[in-house]
DNA sequence: AACGAAGTGGAATCTCTCTTCAACTTGAGA
DNA sequence: TCTCAAGTTGAAGAGAGATTCCACTTCGTT
C-alpha cells in the first residue's frame with residue numbers, strides 16, 4: 015500500500031489538514047502555504063512535501079463536503095414536490111457555503127477548475143434536470159428553464175454571499191428568495207446557457 | 015490654471031488616456047501600467063508621472079460614463095411607469111457594463127472603493143428610492159423592497175455578466191430577467207440590507 | 001545503540017508586478 | 001541658437017508570495 019507514513023509524519027499530516035481546513039473555511043482557498051504552516055507550527059517544507067499541488071490539499075479537505083452536497087441533490091430528487099426540492103437543495107448548499115468560505119469558492123470555481131467538483135456536477139446535473147422537468151410538469155416552473163439557469167442563480171446568490179458574509183451573514187437568503195422567485199416568474203429571454211457556458215459560470219469566467 | 019503641460023506632454027497624455035480606456039474596457043481596471051505604457055508606445059515613467067495614483071487615471075477615464083449612468087437614473091425617475099423605469103435603468107446600466115468591463119468593475123466596486131462612484135450613488139440612491147416607492151404604491155413591487163435590494167440584484171446580474179461575458183455576452187439579460195421578476199414576486203426574508211451593507215455589496219465585500 | 005530512510009525547517013531563490021529614479025531628450029522662451 | 005525646466009525612459013529596487021533545497025533531526029528496524 016502506498017499509505018505508510020511514518021507515525022510522526024502521519025500526525026503532522028493530520029494537524030496540517032485540520033489547520034488548513036480551519037483557515038480555508040474562514041479565509042478561502044488561497045490562504046498562503048506560509049500561513050498554514052505557521053498556524054500548524056511547522057515549516058513550509060512539510061506542507062510542500064505532503065501537498066506539492068494545492069489541488070491535492072483542497073481535494074483532501076473538501077471531498078467529504080462535496081459528497082454531502084451531492085447527497086443533498088439526491089435527497090432533493092426524492093422530494094415529491096420537485097420545486098420545493100430544488101429550492102431546498104440550493105438553500106442547503108448555500109448554508110454550507112455560508113459557513114465555509116473555501117467550500118463556496120470551490121463549488122463556484124473561484125480558484126480554478128477542480129476535478130473533484132467537475133465530477134460532482136456530473137452526478138448532480140441529471141438530478142437537477144429531472145427535478146426541473148418535474149417542476150415544469152407540475153406547473154411550478156415555466157418551460158424553458160434549464161439546469162444552466164439554476165447554475166446562474168447559484169452564482170448570483172453566491173456573489174451576494176461573498177460580498178456580504180462578513181457584515182450580513184444572512185443576506186444571501188434574501189438573494190436566494192429573489193433568485194428562486196425570479197426563476198418561477200421570469201420570462202427568460204435569449205438562449206439557455208449551454209454546457210460550455212455553464213462550465214464558465216462555474217469557473218468564474220475562466 | 016494648473017493646466018499647462020508642454021505640447022508633447024499633452025499629446026502623450028491623450029494617447030495614454032485613449033490607450034488605457036481601450037485596455038480597461040476590454041480587460042478591466044487592473045491592466046498593468048506596463049501594458050498600458052507598452053501599448054501606448056511609452057515608458058512606464060510617463061504614465062506614473064501623469065497618474066501616480068491609479069484612481070486618478072480611472073476617474074479621468076470614466077467620469078463621463080458615470081455621469082451617463084446617473085443620467086439614466088434621472089431619466090428613469092421621469093418614467094410614469096416607475097417599475098418599468100427601474101427595469102430600464104438597470105438594463106441600460108448593464109448594457110454599458112457589458113460593453114465595458116472596466117466600467118462594470120468600477121460601478122460594482124471591484125478594484126476598490128471609488129470616490130467618483132460613491133458620489134454618483136449619493137445622487138442615484140434617492141432617485142431609486144423614489145422609483146421603488148412609486149412602484150410599491152402602484153402595486154408593481156411588494157412593500158419591503160429597498161434600494162439595497164436593487165443593489166443586490168445589480169451585483170447578482172453583474173456576477174453572471176462577469177462570468178459569461180467572453181462566451182455568452184447576452185446571458186446577463188437572462189439573469190436580469192430573473193432578478194427583476196424575483197424582486198417583484200419574492201417574499202423577502204430577513205432584514206433589508208442597511209447602508210453599510212450596501213456599501214459592502216458595492217465594494218466586493220471589502 | 002547504530003544506521004539509513006524518511007521527515008523537517010526555513011533561508012535562499014524565483015517570479016511577478018508595482019514603483020522609483022538618475023541619466024538622457026526635447027520643447028519653447030530669451 | 002542656446003538654455004534649462006519639463007518630460008521621458010527603462011533598468012533597478014522593493015514587496016509579496018510561491019517554491020526549492022539541503023543540512024539537520026527523528027523514527028523504527030536490526
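Residue numbers (our numbering), protein chains in the order written: chain A, 15 to 220; chain B, 15 to 220.
Beta carbons are placed, not taken as given, at the ideal position from N, Cα and C, and that holds for glycine.
Because the structure is a prediction, the values reported are computed rather than measured.
- Compute the Euclidean distance between the alpha carbons of residue 195 of chain B and residue 164 of chain A, then round it to the nearest angstrom. Counting from 1 along the second chain, the entry for residue 195 of chain B is found at position 181. Counting from 1 along the first chain, the entry for residue 164 of chain A is found at position 150. Each residue's alpha carbon lies about 15 Å from the other.
- Query: With 16 other CB atoms within 10 Å as the buried threshold, where does residue 111 of chain B fall?
  - Reply: Residue 111 of chain B sits at position 97 when you count from the first residue of the second chain. With 16 or more other Cβ atoms within 10 Å, it is buried.
- Item | Enclosing alpha helix (DSSP H) for residue 116 of chain A [first to last residue] | Reading the first chain from its first residue, position 102 is the one you call residue 116 of chain A. Segment 115-121, the alpha helix (DSSP H) holding residue 116 of chain A.
- Query: Along chain B, in chain order, which residues have C-beta atoms closer than 8 Å to that of residue 204 of chain A?
  - Reply: For the purposes of this step, residue 204 of chain A is identified with residue 190 of the first chain, where counting begins at 1. Here the neighbours are 184, 185, 187 and 188.
- Query: How big is the Cα-Cα spacing for residue 132 of chain A and residue 190 of chain B?
  - Reply: Position 118 of the first chain holds residue 132 of chain A. Position 176 of the second chain holds residue 190 of chain B. Going from the Cα of residue 132 of chain A to the Cα of residue 190 of chain B covers about 27 Å.
- Message: Can you confirm whether the stretch 196-212 of chain A touches the stretch 64-82 of chain B when touching is taken to mean that 3 or more C-beta pairs between the two stretches lie within less than 8 Å?
- Response: Output reads no: the stretch 196-212 of chain A does not touch the stretch 64-82 of chain B.
- Task: Can you give me the start and stop residues for the alpha helix (DSSP H) that residue 139 of chain B sits inside?
- Result: Working through the second chain from its first residue, we reach residue 139 of chain B at position 125. Its alpha helix (DSSP H) spans residues 129-151.
- Query: Relative to the alpha-carbon of residue 119 of chain B, which residue among B/173, B/161, B/200 and B/62 has its alpha-carbon at the smallest distance?
  - Reply: Here residue 119 of chain B is taken as the residue at index 105 of the second chain, counted from 1. Of the listed residues, the one whose Cα sits closest to residue 119 of chain B is B/173.
- Query: If we cut at 8 Å on Cβ distances, does residue 218 of chain A have a partner in chain B?
  - Reply: Against the first chain, residue 218 of chain A aligns to sequence position 204. Judged by the 8 Å Cβ criterion, residue 218 of chain A is in contact with chain B.
- Message: Is it buried or exposed, residue 32 of chain B, if we count other Cβ atoms within 10 angstroms and call 16 or more buried?
- Response: Counting from 1 along the second chain, the entry for residue 32 of chain B is found at position 18. Looking at its Cβ environment, which holds fewer than 16 other Cβ atoms inside 10 Å, residue 32 of chain B is exposed.
- Message: Once DSSP output is grouped into helix, strand and coil, what is the label at residue 82 of chain A?
- Response: As a working mapping, residue 82 of chain A is identified with position 68 in the first chain. Residue 82 of chain A falls in the helix class under three-state DSSP.
- Out of B/197, B/170, B/203 and B/86, which has the shortest C-alpha to C-alpha gap to residue 184 of chain A? Position 170 of the first chain holds residue 184 of chain A. Put simply, of B/197, B/170, B/203 and B/86 the residue whose alpha carbon is nearest the alpha carbon of residue 184 of chain A is B/203.
- Task: Mark residue 170 of chain A as exposed unless 16 or more other C-beta atoms lie within 10 angstroms of its C-beta, in which case mark it buried.
- Result: Locating residue 170 of chain A in the first chain gives position 156, where the first residue counts as 1. Counting C-beta atoms within 10 angstroms of its own C-beta, residue 170 of chain A has 16 or more neighbours from the protein chains shown and is therefore classed as buried.
- Message: Could you tell me the alpha carbon to alpha carbon distance between residue 200 of chain B and residue 158 of chain B, rounded to whole angstroms?
- Response: Your numbering for residue 200 of chain B matches position 186 in the second chain. Your numbering for residue 158 of chain B matches position 144 in the second chain. Going from the Cα of residue 200 of chain B to the Cα of residue 158 of chain B covers about 11 Å.
- Query: What residue does the alpha helix (DSSP H) around residue 199 of chain B start on, and which one ends it?
  - Reply: In the second chain, counting from the first residue as 1, residue 199 of chain B sits at position 185. Per DSSP, residue 199 of chain B is one residue of the alpha helix (DSSP H) stretching across 185-199.
- Could one say the Cβ of residue 192 of chain A lies closer than 8 Å to chain B's Cβ atoms, at least one of them? Locating residue 192 of chain A in the first chain gives position 178, counting from the first residue. Using beta-carbon distances, residue 192 of chain A counts as an interface residue toward chain B, with a partner under 8 Å.
- Taking residue 55 of chain B as the reference, which of B/29, B/35 and B/39 has the closest Cα? Sequence index remark: in the second chain, residue 55 of chain B carries index 41 (1-based). Nearest of B/29, B/35 and B/39 to residue 55 of chain B, Cα basis: B/29.
- Message: Can you confirm whether residue 176 of chain A, when its beta carbon is compared against all beta carbons of chain B, has any partner nearer than 8 Å?
- Response: Position 162 of the first chain, counting from 1, holds the residue named residue 176 of chain A. Interface residue, yes.
- Would residue 207 of chain A count as contacting chain B if we go by Cβ distances under 8 Å? Along the first chain, one-based indexing puts residue 207 of chain A at 193. Taking Cβ atoms only, chain B reaches closer than 8 Å to residue 207 of chain A, which makes this a yes.
- Message: Strictly below 8 Å CB to CB, what residues from chain B border residue 199 of chain A?
- Response: For the purposes of this step, residue 199 of chain A is taken as residue 185 along the first chain, with counting starting at 1. Near residue 199 of chain A (Cβ distances below 8 Å), the residues of chain B are 195, 196, 198 and 199.
- Query: Quick one: any contact between the stretch 92-102 of chain A and the stretch 145-155 of chain A, if contact means 3 or more CB pairs under 8 Å?
  - Reply: Verdict: yes, contact present.
- Task: Taking residue 166 of chain B as the query, report the chain A residues whose CB atoms sit under 8 Å from its CB, ordered along the chain.
- Result: The residue labelled residue 166 of chain B in the question sits at position 152 within the second chain. For the C-beta of residue 166 of chain B, the chain A residues within less than 8 Å are, from N- to C-terminus, 174, 185, 188, 189 and 192.
- Separation of residue 65 of chain B from residue 42 of chain A, as counted between CA atoms: Position 28 of the first chain, counted from the start, is the residue given in the question as residue 42 of chain A. Position 51 of the second chain, counted from the start, is the residue given in the question as residue 65 of chain B. When rounded, the distance between both Cα atoms is 33 Å.
- Message: Using 8 Å as the threshold, is the C-beta distance between residue 104 of chain B and residue 168 of chain B below it?
- Response: For the purposes of this step, residue 104 of chain B is taken as the residue at position 90 of the second chain. For the purposes of this step, residue 168 of chain B is taken as the residue at position 154 of the second chain. Yes, Cβ-Cβ distance for residue 104 of chain B and residue 168 of chain B is below 8 Å.
- Query: Relative to the alpha-carbon of residue 179 of chain B, which residue among B/53, B/88, B/73 and B/108 has its alpha-carbon at the smallest distance?
  - Reply: Working through the second chain from its first residue, we reach residue 179 of chain B at position 165. Of the candidates B/53, B/88, B/73 and B/108, the one whose C-alpha sits nearest the C-alpha of residue 179 of chain B is B/108.
- Interface residues of chain B around residue 210 of chain A at Cβ under 9 Å? On the first chain, position 196 is the one that residue 210 of chain A refers to. Near residue 210 of chain A (Cβ distances below 9 Å), the residues of chain B are 181 and 182.
- Please compile the residues from chain A whose C-beta is within a distance smaller than 9 Å of the C-beta of residue 40 of chain B. Here the question's residue 40 of chain B lines up with position 26 in the second chain. Here the premise fails: no neighbours, minimum Cβ distance about 14 Å.
- Query: Can you check whether the CB of residue 106 of chain A is closer than 8 Å to the CB of residue 39 of chain A?
  - Reply: Working through the first chain from its first residue, we reach residue 39 of chain A at position 25. Working through the first chain from its first residue, we reach residue 106 of chain A at position 92. Not a contact, by the Cβ cut-off of 8 Å.
- Return yes when the Cβ of residue 218 of chain B is within less than 8 Å of the Cβ of residue 177 of chain A, no when it is not. Within the first chain, residue 177 of chain A is the residue found at index 163, counting from 1. Within the second chain, residue 218 of chain B is the residue found at index 204, counting from 1. Cβ atoms of residue 177 of chain A and residue 218 of chain B: closer than 8 Å.
- Task: Consult DSSP for residue 216 of chain A and reduce its assignment to one of helix, strand or coil.
- Result: What you label residue 216 of chain A is simply residue 202 of the first chain in a count that begins at 1. Three-state result, residue 216 of chain A: coil.
- Does the Cβ of residue 188 of chain B have 16 or more other Cβ atoms within 10 Å, making it buried, or fewer, making it exposed? Residue 188 of chain B sits at position 174 when you count from the first residue of the second chain. The residue is buried, with at least 16 neighbouring Cβ atoms inside 10 Å.
- Query: Could you give the distance in angstroms between the alpha-carbon of residue 49 of chain B and the alpha-carbon of residue 36 of chain B?
  - Reply: In the second chain, residue 49 of chain B corresponds to position 35, counting from 1. In the second chain, residue 36 of chain B corresponds to position 22, counting from 1. About 12 Å.
- Query: Residue ranges of each alpha helix (DSSP H) run of no fewer than 4 residues wholly in the stretch 44-77 of chain A, ordered along the chain?
  - Reply: Listed in chain order, the alpha helix (DSSP H) runs fully inside the stretch 44-77 of chain A are 47-54 and 58-64, counting runs of at least 4 residues.
- Message: For residue 24 of chain B, count the other beta carbons within 10 Å of its own beta carbon; 16 or more makes it buried, fewer makes it exposed. Which is it?
- Response: As a working mapping, residue 24 of chain B is identified with position 10 in the second chain. Counting of Cβ neighbours within 10 angstroms places residue 24 of chain B among the exposed residues, the total staying below 16.
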